[in-house]
């Protein structure tokens, strides 16, 4: 405590030094703590299940068709559940959207249809009521429901007597039989599902193995390993392929831990952000180490005298570390306050498709991390000065200070080495941010293949139960599109089942065959994404017609089975042949004639290549979820409001799930790369400022300590320009060394960030040159200020002081 009190008094006598150190550490610790909150929520926090590491996701795959992960057919799901001994239980589920009502107005409700075994897989039971029974997973017996804790409290009053309450989904009554515990989420990583109902698979679907539409999860047995489970499912899938070669030849199994499935490709992004934040902290620690070392060098005389008077090494070490740790803890407290604000900001700017984003926050583990980082930072920047304090050499100290160099040669070398380290770390961050900016600019220049200006979109999902027959469902969509097209200021209107770059909608692919050719088995047929469209979609979106014609009103009125292909589908299905007039076999839609070819669009994002797509008239391939698109002459707020009001009126009480302009849809699809750029650019800016300040501090300190030498040189004839070159030239050597180390570090960092870039090399030459020039200019400016001050040294005053 005596050492702590002495350290605090000493720091109080140097308020400027103390404020700079605490501020520098606060920035580094605050950034790292905020980023750790994301790392913890996304990567480290286990899923809310018992023994979550045993919960797996199961998929089908076909490497011959380049399908790495596909949903599972009902028959394959049943075979896995019956034959796989590595799993305690296996369950299937699907996510669905319903229009639900309790005592409130109808609203969109996100639900999951789950087999009763799903709750065995996750090992969670209702907090109130009971789980599903096996007999309830059959058509006609599935009118029961489990609700989330939030749904129970907010929609059903939160009373224990809720069991037996009726909730309507798509006008169908469901009885509430249980309430799940608070914090429960299923599917893994999905926190928007509010209710669960039994998955009732029709018996005939077990024989339709080409229809792969179910998600499957399993719980590993206590003695089973992941490798054993994968090997067993591979063997079972090979047996299924022999039993059903028409639909399963070439199809295997994929087993992935549930948390890994949830995290997906986000792991690289989060790792890059965490690494960038760590570099900022490291630069801050180097900066502080420079200041502490300079301060400790001045205090070497005191430590040498203390040692001569009998102070032990442990006492000297404790005395030195007390000051460093006091600074670190002060920086930690301020950094924690910055982190709380940073986390609140991050929650607003994090990409919406980032998994488990709602769980990001400051909790006990984040507070512990902040404390650990603060202590570690104190040790990192205070260790070398402390070790030097343990071995004071009185004669050397007095000789060095006698010559006006109170820092000592070794101290000066350490300071210069730290300058090189700061430059290297800053270059890595600046180059990473630079190539991210280049990548994002390349992405923005990509033509999506459709019009974005003046397009208003809205997603509508009317349940089939709301229509007495298929004809009335078709009439509803046609009248809705015709009514919107007739509005003043509207150029065109249409509808599609899957809107480009939209996170909602019916988006799937199925096998396809060309009639008149030797038909491969279903398992070997090429696959294409299916889109149901209402005429007017292509004209509204500005998707160019390349050959043939588009779907029109005549097709709609006559009910002609026709379709349009995109360029990628044409290349896949008709390499070298004319597709117009050809007849294709489409599952669930029968045989359809190809009447036109349209240009490719970037359906999955600007950074994703166009995929084969076939567009079928809604009459031939009706789907529940549709996106209405409306082209307006000018997307003013009044026009958009008019379109929204008309859609609401024509939707006849059906909730609208998403209303946005196409510009907003495309912008949302760029949320993640935009976030990468902004955050890395912020980190790089912090690194540049810290490195510049660090260089300035070191050179200023060196100039101060060499005042006598500089005065002697000037007395012997050195002019101002030579003195300026002397100071800046010595700095340039260490900056150059740091630049070389930085390039080497960037090569290593490039292998990590490569997957986040679009058509840009991690060592892009143009960006590298720009970063080197920027860093060199900053270093020159930092060194020039003390160098100019050195040129104004009065030789008489300097020698007199010496």
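Numbering (our numbering), first residue to last: 3 to 804. Built from N, CA and C at the ideal position, the CB exists for glycine as well.
Counting along the chain, where does the alpha helix (DSSP H) carrying residue i start and finish?
| i | result |
| --- | --- |
| residue 82 | 76 to 85 |
| residue 2 | Given a span of 3 to 804 for the chain in the structure shown, any question on residue 2 remains unanswerable. |
| residue 498 | No alpha helix (DSSP H) contains residue 498, which is instead part of the beta strand (DSSP E) from 492 to 498. |
| residue 34 | 17 to 41 |
| residue 758 | Where residue 758 is concerned, there is no enclosing alpha helix (DSSP H), given that its DSSP letter is neither H nor E. |
| residue 248 | 247 to 250 |
| residue 782 | 767 to 793 |
| residue 483 | 472 to 487 |
Using only the alpha-carbon positions, how far apart do residue i and residue j sit?
| i | j | result |
| --- | --- | --- |
| residue 9 | residue 26 | 19 angstroms |
| residue 280 | residue 327 | 19 angstroms |
| residue 656 | residue 197 | 19 angstroms |
| residue 23 | residue 29 | 10 angstroms |
| residue 788 | residue 689 | 21 angstroms |
| residue 466 | residue 593 | 24 angstroms |
| residue 178 | residue 551 | 51 angstroms |
| residue 112 | residue 51 | 21 angstroms |
| residue 325 | residue 506 | 56 angstroms |
| residue 786 | residue 730 | 7 angstroms |
| residue 499 | residue 644 | 23 angstroms |
| residue 417 | residue 278 | 23 angstroms |
| residue 209 | residue 246 | 10 angstroms |
| residue 464 | residue 605 | 24 angstroms |
| residue 404 | residue 31 | Interpretation of residue 404 is limited by its pLDDT of 44, a score under 50 that renders its predicted location unreliable; the figure taken from the coordinates is listed afterwards. Roughly 39 angstroms between the two C-alpha positions. |
| residue 250 | residue 443 | 43 angstroms |
| residue 695 | residue 289 | 8 angstroms |
| residue 383 | residue 684 | 24 angstroms |
| residue 547 | residue 76 | 39 angstroms |
| residue 212 | residue 624 | 20 angstroms |
| residue 600 | residue 631 | 18 angstroms |
| residue 407 | residue 19 | Caution is warranted here: a pLDDT of 46 is assigned to residue 407, below 50, making its placement in the model unreliable, and no coordinate value can be reported. |
| residue 748 | residue 440 | 16 angstroms |
| residue 78 | residue 242 | 8 angstroms |
| residue 509 | residue 335 | 49 angstroms |
Between which two residues does the beta strand (DSSP E) carrying residue i extend?
| i | result |
| --- | --- |
| residue 186 | Taken as a continuous stretch (DSSP letters only), residue 186 belongs to no beta strand (DSSP E), as it is neither H nor E. |
| residue 61 | 57 to 64 |
| residue 620 | Careful: residue 620 lies outside any beta strand (DSSP E) and carries neither H nor E. |
| residue 360 | Taken as a continuous stretch (DSSP letters only), residue 360 belongs to no beta strand (DSSP E), as it is neither H nor E. |
| residue 259 | 254 to 259 |
| residue 593 | 592 to 600 |
Which residues does DSSP list as the beta-bridge partners of residue i?
| i | result |
| --- | --- |
| residue 72 | 62 |
| residue 459 | 631 and 662 |
| residue 200 | 116 |
| residue 7 | Per DSSP, none; premise fails for residue 7. |
| residue 216 | 74 |
| residue 374 | Looking at the DSSP assignment, residue 374 forms no beta bridge with any residue, so it has no partner. |
| residue 97 | 114 |
| residue 225 | DSSP output for residue 225 lists no bridge partner at all. |
| residue 91 | 221 |
| residue 130 | 181 |
Out of the options, state which residue places its alpha-carbon closest to the alpha-carbon of residue i.
| i | options | result |
| --- | --- | --- |
| residue 144 | 283, 200, 633 and 175 | 200 |
| residue 491 | 271, 469 and 458 | 458 |
| residue 219 | 132, 626, 82 and 525 | 82 |
| residue 152 | 71, 757, 36 and 184 | 184 |
| residue 191 | 293, 52, 39 and 361 | 361 |
| residue 150 | 136, 223, 213 and 130 | 130 |
| residue 2 | 222, 227 and 257 | In this structure the chain extends from 3 to 804, so residue 2 is not present and cannot be described. |
| residue 286 | 337, 611 and 540 | 337 |
| residue 269 | 735, 674, 763 and 769 | 674 |
| residue 750 | 431, 610, 733 and 563 | 431 |
| residue 69 | 275, 363 and 529 | 529 |
| residue 37 | 16, 341, 635 and 447 | 341 |
| residue 133 | 122, 140 and 510 | 122 |
| residue 536 | 565, 376 and 497 | 497 |
| residue 155 | 171, 181, 141 and 175 | 181 |
| residue 780 | 429, 202 and 176 | 429 |
Any beta carbon from chain D within less than 8 angstroms of residue i's own beta carbon?
| i | result |
| --- | --- |
| residue 511 | The chain labelled as chain D is not found in the depicted structure, where only one protein chain is given. |
In chain order, each alpha helix (DSSP H) run of at least 4 residues that lies wholly inside the region 144 to 197:
Under the rule that a run must span 4 or more residues, the alpha helix (DSSP H) segments found entirely inside the region 144 to 197 read 151 to 157.
List, from N- to C-terminal side, the alpha helix (DSSP H) runs of 4 residues or more that fit wholly inside the region 508 to 589.
You should have 539 to 543, 555 to 560 and 569 to 575.
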